[in-house]
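A.B. asks: To start, I am sharing the structure in question, which I have written as structure tokens.
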Amino acid sequence: MFPIYFLSPTCLCQVELDQEKGLEMRKWVLSGILASEETYLSHLEALLIPMKPLRAAATTSQPMLTIQEIETIFFKVPELHEIHKDFYDALLPRIQDWSHQQCVGDLFQKLASQLGVYRAFVDNYKVAVETADKCCQANAQFAEISENLKVKSTKDSDSSSSTALLYKPVDRVTRSTLVLHDLLKHTPSSHPDYPHLQDALRISQNFLSSINEEITPRRQSMTVKKGENRQLLRDRFMVELVEGSRKLRHIFLFTDLLLCAKLKKQAAGKGQQYDCKWYIPLADLTFQTIEDCESTPIPLIQDEEIDAMKIKISQIKSEIQREKRTTKGPKVIERLRKKLSEQESLLLLMSPNMAFRVANRNGKVSFKSFSLTSLELQMLTNSCVKLQTVHTIPMTMNKEDDESSGLYGFLNVIIHSASGIKQSLNLYCSLEVDSFGYFVNKAKTRVYRDSTEPNWNEEFEIELEGSQTLRLLCYEKCCNKTKQSKEDGEVTDKIMAKGQIKLDPQTLQNKDWQRTVITMNGIEVKLSMKFTSREFSLKRMPSRKQSGVFGVKINVVTKRERSKVPLIVRQCVEEIERRGMEEVGIYRVSGVATDIQALKAAFDSNNKDVSVMMREMDVNAIAGTLKLYFRELPEPLFTDELYPNFAGGIALSDSVAKESCMVNLLLSLPEPNFVTFLFLLDHLKSSTVLKKNTVKHFCDINKISQPISMNDSWSLEVMAQVQVLLYFLQLESIPTPDSKRQSLLFSTEV
């Protein structure tokens, strides 16, 4: 998949440079916070707009609402607006007059000190929503106003309901805490702002905890009706959120109640014991998604953090396999197993993201059907030890770990020839590698016609993503006598033979070509392999040439060509869109290496016949040439300077702040990089099928979405790159090439 090549990790070793990058990112985080504040103010203003006319009408002979109803529905909204307007007005000039030493911590401290207003709003929130709903039912005119409140934004005006807008301040409490986390992360501890931001975060976290304590179900005791027959139906592990922290729980479903327990830590040799955390009679039990709850939304763990854990687990598994081959003894392996267990436990806690709330049918957690005495509760938890059907936490530590974690990088394969074929046939070979549990087609030779000893001698470069096995399939090209029909009527080529070889890391670490033979059904296929790890394959080299296009800076090429997008990019994309969009595995299946090198040479020499060459070549070779161009750029498309900020921006918690940060960073790219990226993005996401047969519309056919989603185990850096690309692919509005180049943050209009 080619997008990886125009985003590249940057390794900065000097502490000074790291701090400089961190301070630069601090500016972008604050620009995002400012944009988020503007959006929030527009929500509060939309609520305030109908307040004055409603108040005025309340004193007339035909009031729409009473003064009491108005005060209840809009309780503390004017005060919240004033607080955040003051914060916004104070923050804006400081960011416009930006320097790395600029301080804003006092503003966040002041904002945190005014959270008492939120306390009052949250306490009144349920009554406010109930009153608004009641008034909507009683007054059709207010119902219409309530459902169509106008929200102004920097893009355009939109409408929203009063119920949705009243939830914004409740949501803001959690978001404000997450935003402070983001800002602290990019503020050096030596910066004057650091202690002020820490204090603001402490106040916010304490406030959030005080609210969560009231929302969290109270652990009350209950009794069961005497003579009731209770049986265990099922037990599983789950993750519970307790005051913002994730806790692993063992959940037991009985015929009359749901019990949540924690497995107590016991000394060696002692039996298991459970500690009951809570239980609910089934008669009172309902489940609500977070969207349906009135409580604060649950913050989810960022994808890149999850991916970092997966990578670390994979690395530890590889270490265990290496140590098994040495004579260092079991102590080292035991230490690694302990690290693996810790990481897998953490992954288990952090992974769940389908949140729900256990509640009774009225939406509150109050247990009415029955209660258990402390003795009955103790007996019940003791019985869980014997009744449990799931004894171990679902981790790979509980399974055999003899398998290698796989290879990450590039495998060059030359398919030489085949022998042992009994009659002349039209034959070709397909190469597949396993990728996280399933095989993916990576390359296909040309059809060698009417031969019993085909000689392909074709080289392919295959991307490995945690791969352990190379599989080769030999096909007879479909013709009338060999037609194979699937259930849906699709005609396929006939498989003549299938075989595979293990990709041994020890053998392949040698950089020389390794020759081997795959024997299958009496047919022998000769091939050679050479492996390059991702660490070396993605290492960029400084530009050493002024002519040609490969390995030359993109701004040099566009200036020479007097174009905004390099000619090679435009020509390759146009040819792929012309005839390659129905090709299964476009950008994933490798093209023939000799064809790719021939195209590279043609582009470098400015060969006038390059268009003719492309039309006669396999489209996968054209896609491979495009990937190679980006891979050989001396600097990535997102630049070494800005890439760390893109990686930081994608991790921001607030969606509005994230969008502001990412778009402003995109606008900060050099012009050729910016326009070329938009050109590629349009290629990947265009929505006009009749005008452009682009990648987005053929995802179901060419399976391009599959390799994108599976990129999450390459490495932490590569995962961040994929997340950045996917973010822009999914973003509804992207700046156009003619848009204003200056960041909104530093203009007079925000």
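Here full-length UniProt numbering is used: the first residue of the sequence shown is 1, the next is one more, and so on.
Even glycine gets a Cβ: it sits at the ideal position worked out from N, Cα and C.
Every value quoted in this text rests on a predicted model; they were computed, and no experiment measured them.
(1) State the start and end residues of the unbroken alpha helix (DSSP H) segment that holds residue 185.
(2) I need the DSSP call for residue 62, collapsed to helix, strand or coil.
(3) In chain order, what residues of the same chain have a beta carbon less than 8 Å from the beta carbon of residue 177, not counting five sequence neighbours either side?
(4) Evaluate contact between the stretch 575-592 and the stretch 637-648, counting only Cβ atoms and requiring at least three cross-stretch pairs below 8 Å.
(5) What residues match up with residue 238 in a beta bridge as DSSP calls it?
(6) Going by C-alpha to C-alpha distance, which of 589, 469, 260 sits closest to residue 433?
(7) Let me check understanding here. Comparing Cα to Cα, which of 732, 29, 192 lies closest to residue 181?
(8) Span of the alpha helix (DSSP H) holding residue 661?
(9) Let me confirm a value: residue 492 is counted as buried when at least 16 other C-beta atoms fall within 10 Å, else exposed. Which label applies?
(10) So which of 278, 427, 312 has the shortest CA-CA distance to residue 374?
(11) Please confirm if the stretch 39-46 is in contact with the stretch 84-104, defined as three or more CB-CB distances below 8 Å between the two stretches.
(12) Should residue 673 go down as buried or exposed, given a rule of 16 or more other Cβ atoms within 10 Å for buried?
(13) Take residue 425 and list the residues in its own chain whose beta-carbon comes closer than 6 Å to its own, dropping the five residues that flank it on each side.
(14) Only counting the same chain, and skipping five residues up and downstream in sequence, which positions put a Cβ closer than 8 Å to that of residue 183?
(15) For residue 450, report the span of its beta strand (DSSP E) as first-last.
(16) Let me know if residue 463 comes out buried or exposed under the rule of 16 or more other beta-carbons within 10 Å of its beta-carbon.
(17) Count the other CB atoms within 10 Å of the CB of residue 103; is the residue buried (16 or more) or exposed (fewer)?
(18) Could you check the C-alpha separation between residue 740 and residue 175 for me, to the nearest Å?
(19) Taking the continuous beta strand (DSSP E) assigned at residue 455, which residues delimit it?
(20) Let me know if residue 287 comes out buried or exposed under the rule of 16 or more other beta-carbons within 10 Å of its beta-carbon.
(21) Restricting to Cα atoms, I'd like to know which of 68, 591, 585, 199 is closest to residue 459.
(22) Assign residue 233 to buried or exposed, taking buried as 16 or more other Cβ atoms, counted over all protein chains shown, within 10 Å of its Cβ.
(23) What three-state label does DSSP hand residue 591 in the structure shown?
(24) State the Cα-Cα distance for the pair residue 73 and residue 37, rounded to the nearest angstrom.
(25) Which partner residues does residue 520 have in the DSSP bridge list?
(26) Rounded to the nearest angstrom, what separates residue 55 and residue 124 at their Cα positions?
(27) Per DSSP, what kind of secondary structure is residue 416 in: helix, strand or coil?
(28) Bridge partners for residue 441 per DSSP, in chain order?
(29) Mapping DSSP to helix, strand and coil, what is residue 406?
(30) Beta carbon of residue 117, beta carbon of residue 71: below 9 Å?
(31) So for residue 130, helix, strand or coil by DSSP?
(32) Using DSSP with H/G/I as helix, E/B as strand and the rest coil, what is residue 732?
(33) Can you tell me the Cβ-Cβ gap for residue 474 and residue 523, rounded? I've got them flagged as a contact below 8 Å.
(34) Give the range of the alpha helix (DSSP H) segment to which residue 624 is assigned.
(35) Count Cβ pairs between the stretch 663-677 and the stretch 558-572 that sit closer than 8 Å; are there 3 or more?
(36) Does the separation of the CB atoms of residue 617 and residue 599 fall below 9 Å?
C.D. replies: With the structure as the only source:
(1) Run containing residue 185: 162-185, per the alpha helix (DSSP H) assignment.
(2) DSSP places residue 62 in coil when its eight states are reduced to three.
(3) 201, 204, 205, 208, listed in sequence order.
(4) A contact is defined here as three or more CB-CB pairs under 8 Å, and the stretch 575-592 fails this definition with respect to the stretch 637-648.
(5) Partner(s): 249.
(6) Out of 589, 469, 260, 469 has the C-alpha closest to the C-alpha of residue 433.
(7) It is 29 whose Cα lies nearest to the Cα of residue 181.
(8) 655-667 is the span of the alpha helix (DSSP H), which, as asked, contains residue 661.
(9) Under the 10 Å beta carbon count, residue 492 is surrounded by fewer than 16 other beta carbons and is classified as exposed.
(10) It is 278 whose Cα lies nearest to the Cα of residue 374.
(11) Counting Cβ pairs under 8 Å, three or more are found: they touch.
(12) Looking at its Cβ environment, which holds 16 or more other Cβ atoms inside 10 Å, residue 673 is buried.
(13) Cβ within range, chain order: 476.
(14) For residue 183, the CB contacts under 8 Å within the same chain, skipping 5 residues up- and downstream, are 26, 29, 30, 33, 108, 197 in chain order.
(15) 448-451 is the span of the beta strand (DSSP E), which, as asked, contains residue 450.
(16) By the 16-neighbour rule on beta-carbons within 10 angstroms, residue 463 is buried.
(17) Residue 103 comes out exposed.
(18) Caution applies to residue 740, whose pLDDT of 41 falls short of 50 and renders its modelled position unreliable; the model cannot decide the point.
(19) Run containing residue 455: 455-467, per the beta strand (DSSP E) assignment.
(20) Classified as exposed, residue 287 has fewer than 16 neighbouring CB atoms from the shown chains inside 10 Å of its CB.
(21) Residue 591 is the option with its Cα nearest to residue 459.
(22) So residue 233 counts as exposed.
(23) Judged by DSSP in its simplified three-state form, residue 591 adopts coil rather than helix or strand.
(24) If I take the Cα positions, the gap works out to 22 Å.
(25) Residue 520 pairs with 523.
(26) Each residue's Cα considered, the two are about 20 Å apart.
(27) Residue 416 falls in the strand class under three-state DSSP.
(28) Paired residue(s): 432.
(29) If DSSP states are grouped into helix, strand and coil, residue 406 belongs with coil.
(30) No, they are not a contact pair.
(31) Residue state, collapsed to three classes: helix.
(32) Reduced to three states, the DSSP call for residue 732 is coil.
(33) Under the criterion of beta carbons closer than 8 Å, residue 474 and residue 523 qualify as touching, at roughly 6 Å.
(34) Per DSSP, residue 624 belongs to the alpha helix (DSSP H) from 619-631.
(35) These segments touch.
(36) In this structure, residue 599 lies closer than 9 Å to residue 617 by Cβ.
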